[in-house]
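Presented below is the structure to which this report refers.
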Amino acid sequence: MNFPKYVVVLLPLLFLHAQAIIFNIQNNCPYTVWAAAVPGGGRRLDRGQTWTIGFSDGPKLAKIWARTNCTFDASGRGSCLTGDCNGQLQCESNGSPPRTVAEYGLNSFGHKDYYYLSLLEGFNVPMEFRPTTNGCTRPIRCVADITGQCPEELKAPGGCNNPCTVHNTTEYCCGAGRCRPTNCRGFSRRGVATLSRTRKMTRRALSFARRALVTGLPSVLIRPCMYYATAYC
């Protein structure tokens, strides 16, 4: 699979006068994916197909991702190699890693919308998140061939794990606010090399948990650093 050339594109369209939002989820990959959204459900998407979901009043926190190598029966029960959500075609819960996740919230954090791509649960497909409304049109992408360049210790069937998933240590997980983007003290040489390779390929996606206080937001704010990218509208 030639990952850099193909992405799953998310195109949210805001209609502020109706306080509604529509997401067009398009599969541009050269293989079938099973799109998942919580809330929203799930849908098989062959190459070039689009799934449209909408909300009259958008959720404060929601996720969209792609599942791969799935098999479902007529009742919608089955399994997926990556991103599986308890064996359901219509997802009602989070998917299993590894998976690339687009997260967003509407009318949140000072009545603003936000969106970002997350690799906290690893990587399975390249993805782009592109809004198309009211001047907030800058996309966030993660289209590197992370699976093809995945370090041996992080490889997983169909994707690449986050170091935290594999090692489950404070050094890699940084889930309690102990770590900052430049804090590599305490990492082994192998750990630094692993994180360095991961971060170089994910400069515009969230690859570890980091709490951020953001104040004085303009209409559009992109925080492009090596490990974190969020847009507020």
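Residues in the sequence shown are numbered from 246 upward in steps of one, following my numbering. All C-beta atoms in this analysis are idealised placements derived from N, C-alpha and C, irrespective of residue type, glycine included. Note that this is a predicted model, so its numbers are computed, not measured.
Status (buried if at least 16 other CB within 10 Å, exposed otherwise) for residue i
{"i": "phenylalanine 268", "result": "buried"}
{"i": "phenylalanine 354", "result": "exposed"}
{"i": "glutamate 373", "result": "buried"}
{"i": "glutamate 366", "result": "buried"}
{"i": "asparagine 331", "result": "exposed"}
{"i": "glutamate 397", "result": "exposed"}
{"i": "serine 363", "result": "buried"}
{"i": "alanine 319", "result": "exposed"}
{"i": "asparagine 407", "result": "buried"}
{"i": "threonine 377", "result": "exposed"}
{"i": "threonine 345", "result": "buried"}
{"i": "proline 343", "result": "buried"}
Same chain, Cβ closer than 6 Å to residue i, five either side skipped, listed in chain order
{"i": "leucine 306", "result": "Gly350"}
Element boundaries [beta strand (DSSP E), containing residue i]
{"i": "tyrosine 349", "result": "346-353"}
{"i": "valine 283", "result": "278-283"}
{"i": "isoleucine 295", "result": "Inspection of the sequence shows that residue 295 is occupied by threonine rather than by isoleucine. Looking at the DSSP string, the run of the beta strand (DSSP E) that includes threonine 295 is 295-300."}
{"i": "threonine 316", "result": "307-317"}
{"i": "cysteine 387", "result": "385-387"}
{"i": "cysteine 325", "result": "323-327"}
{"i": "leucine 399", "result": "Counting along the chain, leucine 399 falls outside any beta strand (DSSP E), and DSSP gives it neither H nor E."}
{"i": "arginine 288", "result": "286-290"}
{"i": "serine 363", "result": "357-363"}
Inter-residue CB distance, residue i and residue j (contact presumed, cutoff 8 Å)
{"i": "arginine 312", "j": "tryptophan 279", "result": "4 Å"}
{"i": "cysteine 409", "j": "cysteine 395", "result": "15 Å between Cβ atoms; not a contact."}
Endpoints, the alpha helix (DSSP H) within which residue i is located
{"i": "glutamate 416", "result": "415-418"}
{"i": "histidine 412", "result": "408-412"}
Residues near residue i by beta carbon distance below 8 Å, same chain, minus five either side
{"i": "aspartate 481", "result": "For the chain, the structure presents residues 246 to 478; residue 481 sits outside this window and is missing."}
{"i": "aspartate 291", "result": "Asn272, Thr277"}
{"i": "alanine 347", "result": "Leu255, Lys308, Ile309, Trp310, Tyr360, Tyr361, Leu362, Ser363, Met372, Phe374"}
Cut-off 7 Å between Cβ atoms - residues of its own chain near residue i, not counting five sequence neighbours on either side
{"i": "glutamine 294", "result": "Asn272"}
{"i": "proline 284", "result": "Pro304, Ala307"}
{"i": "proline 402", "result": "Leu326"}
{"i": "threonine 392", "result": "Phe248, Phe368, Gly404, Cys405"}
{"i": "glycine 286", "result": "Gln335, Cys336"}
Decide yes or no for the touch test of the region 293-304 against the region 335-348: beta carbon pairs closer than 8 Å, at least 3 of them.
no
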